[in-house]
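Below you'll find the structure, written out as structure tokens, and then a few comments.
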Amino acid sequence: MNSVKKLLYFLSFLIFITSCTKEDPNGPDTIDRTANLLTTGKSAADLVSDAKYTSMNIEIVYVEGSKPQDRTIAAFKDFLESRIYKPDGINIMVRSVGSSGKAPFEISEIAAIEKAERTAYNAGDEIALYIYFADGSNEDDTAEKFVLGSSFRNTSMVIYEKTIQAFANRPGAPPKYIIETATLNHEFGHLFGLVNLGTPMVQNHEDPDNDGHCSTGNCLMRASLEFGFNFLNEVGQVVPELQGKCIEDLQSIGGK
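Counting in the working numbering, the sequence shown runs from 11 upward without gaps.
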């Protein structure tokens with residue numbers, strides 16, 4: 011084997027073993043991100059069933075001071091296991107990154123942070139997701155309505171941890187892990203295509219005043235769990251669960 015062929019063989023091997031890692035800023039981009047850059051709800055069936063993907067890899071990235079509590083992660087995983095089929099398991103890895111210094115955030119800035127920091131992408135029979143716990147708030151927040159989290163792609167979401175921390179300090183607010191868990195589960199519900207965001211409704215239950223949210227009382231997919239208004243009345247001291255019509259929708263596409 012001449013030196014040129016040896017070099018080509020080595021480069022091909024190197025590309026293969028790094029295909030699921032973070033892009034090298036000093037080299038070519040070898041990661042196929044296309045399946046993870048779709049619209050919210052587009053991968054709902056792939057997330058809930060094992061028809062295509064038998065395992066799930068979730069990358070949680072947080073800025074120092076914005077780490078979710080361990081009990082939040084445990085409750086979040088329990089929620090997923092109760093609704094999806096992944097016989098080869100659900101892996102959740104948590105790591106810290108530096109602050110972008112760009113808060114309050116536009117969603118385009120959150121997407122740019124994802125491009126720079128995300129390392130987990132779909133590979134083989136494993137579907138990958140990215141969750142960013144931000145050290146800031148959404149730029150569109152007001153005193154009456156503020157964003158706790160947002161699912162902005164088919165496998166991507168942001169949790170505005172600074173907003174959650176401030177909300178948890180209000181008189182009568184639930185513990186922070188309750189707010190974190192409710193927000194995480196709610197935003198994952200959007201990745202599931204709820205409500206009417208890619209997963210067809212078996213029965214009509216979309217809130218006429220808040221697209222993509224449920225009209226059923228006490229449901230996890232109520233709009234208040236994303237935008238903060240009436241949150242205390244909706245949540246109290248326990249994390250809301252998906253109600254019957256949302257569950258029917260998930261079961262119709264292969265979920266539990």
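Beta carbons are placed, not taken as given, at the ideal position from N, Cα and C, and that holds for glycine.
Backbone CA spacing between residue i and residue j [nearest angstrom]
i: residue 167; j: residue 81; result: 19 Å
i: residue 262; j: residue 212; result: 8 Å
i: residue 40; j: residue 129; result: 12 Å
i: residue 206; j: residue 259; result: 9 Å
i: residue 256; j: residue 105; result: 32 Å
i: residue 116; j: residue 235; result: 20 Å
i: residue 72; j: residue 169; result: 9 Å
i: residue 44; j: residue 133; result: 12 Å
i: residue 246; j: residue 111; result: 33 Å
i: residue 208; j: residue 254; result: 18 Å
i: residue 188; j: residue 42; result: 36 Å
i: residue 193; j: residue 202; result: 14 Å
i: residue 135; j: residue 152; result: 42 Å
Per DSSP, the bridge partner or partners of residue i
i: residue 148; result: 115
i: residue 67; result: 101 and 138
i: residue 143; result: 72 and 169
i: residue 106; result: 72
i: residue 264; result: Partner(s): none; residue 264 has no beta bridge.
i: residue 225; result: Answer by DSSP bridge pairing: none, since residue 225 is not bridged.
i: residue 163; result: 166
i: residue 216; result: 224
i: residue 251; result: 229
i: residue 133; result: 136
Assigned exposure category for residue i - 16 Cβ within 10 Å defines buried
i: residue 74; result: exposed
i: residue 176; result: exposed
i: residue 99; result: exposed
i: residue 285; result: Past the edges of the chain, shown from 11 to 266, lies residue 285, and the structure says nothing about it.
i: residue 221; result: exposed
i: residue 103; result: exposed
i: residue 96; result: buried
i: residue 56; result: buried
i: residue 58; result: buried
i: residue 145; result: buried
i: residue 164; result: buried
i: residue 76; result: buried
i: residue 180; result: exposed
i: residue 27; result: Per-residue confidence for residue 27 stands at a pLDDT of 31, beneath the threshold of 50, marking its modelled position as unreliable; the derived number appears in the next sentence. Under this definition residue 27 is an exposed residue.
i: residue 248; result: exposed
Min CB distance residue i to chain C below 8 Å
i: residue 96; result: Structure shown: chain C not included; a single protein chain is present.
Nearest-angstrom Cβ-Cβ length linking residue i and residue j, presumed shorter than 8 Å
i: residue 264; j: residue 61; result: 6 Å
i: residue 251; j: residue 230; result: 6 Å
i: residue 200; j: residue 51; result: 7 Å
Query raised in the report: Quick check: the stretch 88-106 against the stretch 116-126, are there 3 or more CB pairs under 8 Å?
Result: no
Query raised in the report: For the stretch 155-166 against the stretch 106-114, are there 3 or more C-beta pairs whose distance is under 8 Å?
Result: no
Query raised in the report: Does the count of Cβ pairs from the stretch 136-148 and the stretch 178-185 closer than 8 Å reach three?
Result: no
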